[in-house]
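Q: My questions will all concern the structure given below.
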Amino acid sequence: CPAWIHKLIFEYIGLDWIYLLVLGIIMALLSFLIDYCITQIQHAHILAYQSAKHSGFLQYLAWVFLPMIFLLFSVGFVKLCSIHAIGSGIPEMKTIMRGYSLHHYLSFRALIAKSVGLIAAAGSGMPIGKEGPFVHIASIVASIMNRILGVFRGLYKNESHNMDLLAAACAVGVSSNFAAPIGGVLFSIEVTSTHFAVRNYWRGFFSAVCGAFVFRLLSVWDREEQTITALFSTHFRVDFPFDMTEMLAFIFIGIVSGFSGALFVYLHRKLIELRRKYRKNVVSKFFRKSIFLYPAIICFIYFSLTFPLGLGRYMASIVTPKEAIDELFSNATWYRGHADNIKAQKILDHWDHPNIYVSLLLFIIFQFFWTAASVALPIPCGVVLPVFIIGAAFGRLIGEAMAAWFPLGIRSGDGLFSPIVPGGYAVIGAAALAGSVTHTISVSVIVFELTGQIVHIIPVMVAVLISNAIATKLQPSFYDSIIQIKKLPYLPEIYEDKAYDIYVSDIMRTDIKYLSYKSSYEDLDKLLETTKLKSFPLVESADSMVLLGSLQRKQLEGLLARYINKVAQEVSTSQPTTEPKRDQLESTVNDENEDNHKDGAE
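Residue numbers for the sequence shown follow UniProt numbering, beginning at 1 and rising by one.
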């Protein structure tokens with residue numbers, strides 16, 4: 001029955017469905033494998049630190065130098081295998097989705113470098129994320145499937161269809177990272193597309209759902225979870241999650257997050273510009289002698305400051321990113337300094353040195369700066385997860401302050417008290433800061449899918465909208481900032497209303513040099529001698545000025561050289577009795593076209 005199966009799959013089901021299903025499954029497998037490797041490396045780091053508890057010096061060596069080995073391995077492997085794996089990947093995909101080709105950016109070498117480099121870099125424990133690299137990885141997988149698998153080659157030949165599938169791949173990359181298919185699709189649209197074709201909606205959602213489902217199913221099969229649940233499940237009150245008076249605190253979180261997100265983008269860009277500005281001085285030359293030196297110094301300082309027996313005890317440095325999110329989203333209130341159960345007490349042990357307010361504040365300030373420095377390193381890295389955690393910590397800080405201010409809760413209209421839920425504030429802060437850095441609204445949907453609850457839907461949306469409004473006025477998004485730094489081609493967003501009153505005629509040049517079919521070779525020669533333009537418009541005639549296309553300078557120089565050689569040969573073979581005629585471009589172009597047709601026929 002091979003022929004019958006082939007007919008069933010490819011004629012009745014459709015090639016697109018099979019392609020998107022396979023893409024979702026492959027990305028789920030890759031995501032699970034990469035997450036598993038990162039988790040094992042991080043646990044090995046903690047285990048090595050705890051195993052050396054008899055010696056503080058050995059603990060320091062284990063804490064600092066084991067991550068440095070993995071980070072430097074990531075730097076070296078990416079440099080050796082493919083430098084296209086450096087960074088997020090979303091800015092480059094945004095450029096590609098707008099029609100610009102980046103050679104070798106979707107190659108197999110870039111896939112290997114991105115995957116292995118991400119495992120080593122994220123496993124080291126540096127404050128970096130995975131969402132950007134996963135978007136890049138998914139796009140590479142989609143491109144490789146198009147190029148290599150004979151079944152799908154027909155999809156790759158059509159450029160428009162190929163771009164549609166890349167758009168779906170970007171959605172799969174986000175959804176397989178966060179297990180959030182709806183938010184993943186919306187997020188990928190916001191960060192990679194200027195104009196989105198609605199016909200791609202079903203492609204993105206189908207492949208994203210397949211990827212998210214298989215990704216969570218693998219966790220169940222690996223016995224990490226009992227069933228398919230949200231990645232960071234919360235258990236907030238459903239009947240009365242917050243009082244309307246608390247909206248003032250939520251708005252405050254949105255305002256601070258908006259300014260903080262803009263400051264983060266500005267700080268990241270200035271760190272990169274500072275390195276480029278002093279590229280020629282002695283210090284920069286010292287750093288350029290080895291690609292490992294600058295990352296090693298950043299890694300050494302970061303882990304020295306987060307050493308749990310030193311300053312690290314005041315900023316919960318012993319917890320992994322996943323554990324940090326779980327603890328910041330927890331229901332228990334911390335400000336009282338005691339817990340009702342063992343789990344809550346374990347959380348307090350991480351964040352109660354010297355008290356929760358100092359610990360959270362130090363964590364926010366420290367991680368804010370070092371995240372900006374870390375995502376500027378030459379490694380595969382994302383930005384959403386670390387700023388998500390920073391925002392959660394800020395929201396938790398405000399929530400704990402509110403809980404201490406109103407220990408019994410806020411009194412409602414019926415005389416009952418509504419207790420403050422600091423975990424809800426953490427959710428709002430995480431969404432607000434991540435949204436302000438990336439200039440996206442869809443992070444609110446991702447938060448709902450990550451937590452499995454939508455009880456704070458109004459506060460989250462309000463805070464995200466406010467933070468976006470402020471950040472948009474102050475700075476470009478993190479991804480647009482990288483596009484500007486790398487000088488990639490892009491069309492900037494129009495934010496000022498007065499810009500819509502500017503027309504092309506207001507800024508265009510009217511004294512453009514052009515060529516027409518009636519132009520002579522003498523005109524062409526003068527044009528090439530008097531201008532340095534790389535291309536020239538070709539019009540039908542000087543009277544109609546109908547644009548027919550453009551001519552490259554190299555093509556015109558070649559055409560002129562061939563004409564001069566032709567005239568020279570005619571002069572050398574025979575003495576003309578009359579002056580040579582003033583040839584026009586049209587005659588020679590037609591002659592060359594006829595010669596080309598004859599050569600093709602032969």
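We treat Cβ as the ideally placed atom computed from N, Cα and C, and that holds for glycine. It should be emphasised that the depicted structure is a prediction, and the values quoted were computed from it without experimental measurement.
Are there 16 or more other CB atoms within 10 angstroms of the CB of residue 641, so buried, or fewer, so exposed?
A: The structure shown does not extend to residue 641, since the chain is modelled only from 1 to 602, so the question has no answer here.
Q: Between which two residues does the alpha helix (DSSP H) containing Q59 stretch?
A: Its alpha helix (DSSP H) spans residues 56-81.
Q: By DSSP, does F536 sit in helix, in strand, or in coil?
A: strand
Q: Count the other CB atoms, across all protein chains shown, that sit within 10 Å of the CB of P127; report buried if there are 16 or more and exposed otherwise.
A: Buried, because 16 or more other Cβ atoms sit within 10 Å of the Cβ of P127.
Q: Using 8 Å as the cut-off, can you tell me whether the region 368-375 makes contact with the region 329-336, which would need three or more C-beta pairs spanning the two stretches below that distance?
A: no
Q: What are the uninterrupted segments assigned as beta strand (DSSP E) that are 3 or more residues long and contained completely in the region 170-223, given in chain order?
A: none
Q: Would you check if the region 189-200 and the region 162-173 touch, i.e. whether three or more CB-CB distances between them fall below 8 Å?
A: yes
Q: If we ignore side chains and look at the alpha-carbon of each, how far apart do S535 and D511 end up?
A: 15 Å
Q: Is Q453 helix, strand or coil when you go by DSSP?
A: coil
Q: Can you grab the Cα-Cα spacing for the pair P67 / R411, in whole Å?
A: 49 Å
Q: With distance defined between alpha-carbon atoms, name the residue in V387, V174, S219 nearest to S207.
A: S207 has its Cα closest to that of V174, out of V387, V174, S219.
Q: Is the beta carbon of L433 sitting closer than 8 Å to the one on G261?
A: Contact: yes.
Q: Hey, quick one: how far does the alpha helix (DSSP H) through G395 stretch, first residue to last?
A: 384-405
Q: Compute the distance between the beta-carbons of I347 and S359, then report whether it is under 8 Å.
A: no
Q: Exposed or buried, which one is S51 when buried takes at least 16 other CB atoms within 10 Å?
A: exposed
Q: What runs of the beta strand (DSSP E), each 3 residues or longer, lie entirely inside the region 439-483?
A: none
Q: Can you tell me which of the three DSSP states L15 falls into?
A: helix
Q: Taking only runs of the alpha helix (DSSP H) that begin and end inside the region 351-380, which ones reach a length of at least 4 residues, in chain order?
A: Counting only runs of 4 or more, we get 356-374.
Q: Leaving aside the five residues before and after D340 along the sequence, list all residues of the same chain whose C-beta is less than 8 Å from its C-beta, in chain order.
A: A332
Q: In chain order, what residues of the same chain have a beta carbon less than 7 Å from the beta carbon of L106, not counting five sequence neighbours either side?
A: S139, I140, S143
Q: Could you tell me if H439 is buried or exposed, where buried requires 16 or more neighbouring beta carbons within 10 angstroms of its beta carbon?
A: buried
Q: Between the C-alpha atoms of G558 and I482, what's the straight-line distance to the nearest angstrom?
A: 39 Å
Q: Between the Cα of R446 and the Cα atoms of I564, A230, S467, which residue gives the shortest distance?
A: The identity of residue 446 in the sequence shown is Ile, whereas the question assumes Arg. Per the Cα distances, A230.
Q: What is the DSSP secondary structure of S541, reduced to helix, strand or coil?
A: coil
Q: Report the CB separation of I25 from V214 in whole angstroms; it is logged as a contact under 8 Å.
A: 5 Å
Q: Which residue's Cα is closest to the Cα of F73: K114, T95, M97, L47?
A: K114
Q: May I have the straight-line CA-CA distance separating I318 from Y100, to the nearest angstrom?
A: Roughly 44 Å between the two C-alpha positions.
Q: When the Cα atoms are used, what is the spatial distance from residue 609 to F307?
A: What the structure shows of the chain is the stretch from 1 to 602, and residue 609 is not part of that stretch, so it cannot be assessed.
Q: With distances taken between CB atoms, is the gap from L328 to A372 smaller than 8 Å?
A: no
Q: For a quick check, are the C-beta atoms of A121 and P380 less than 8 Å apart?
A: yes
Q: Going by C-alpha distance, which of D349, M27, D243, A542 is nearest G424?
A: For the set D349, M27, D243, A542, the Cα lying nearest the Cα of G424 is the one of D243.
Q: State the CB to CB distance for the pair V421 and P241, rounded to an integer number of angstroms; the pair is presumed to be in contact (CB under 8 Å).
A: 7 Å
Q: Is DSSP giving L118 helix, strand or coil here?
A: Residue state, collapsed to three classes: helix.
Q: Thinking just about the alpha-carbon of each residue, which of G117, I38, F205 is nearest to the one in A168?
A: F205
Q: Would you be able to state if there are at least three C-beta pairs under 8 Å between the region 453-465 and the region 270-277?
A: no
Q: Thinking A471 and S436 are a contact (beta carbons under 8 Å), I'd like their distance in whole angstroms, please.
A: 4 Å
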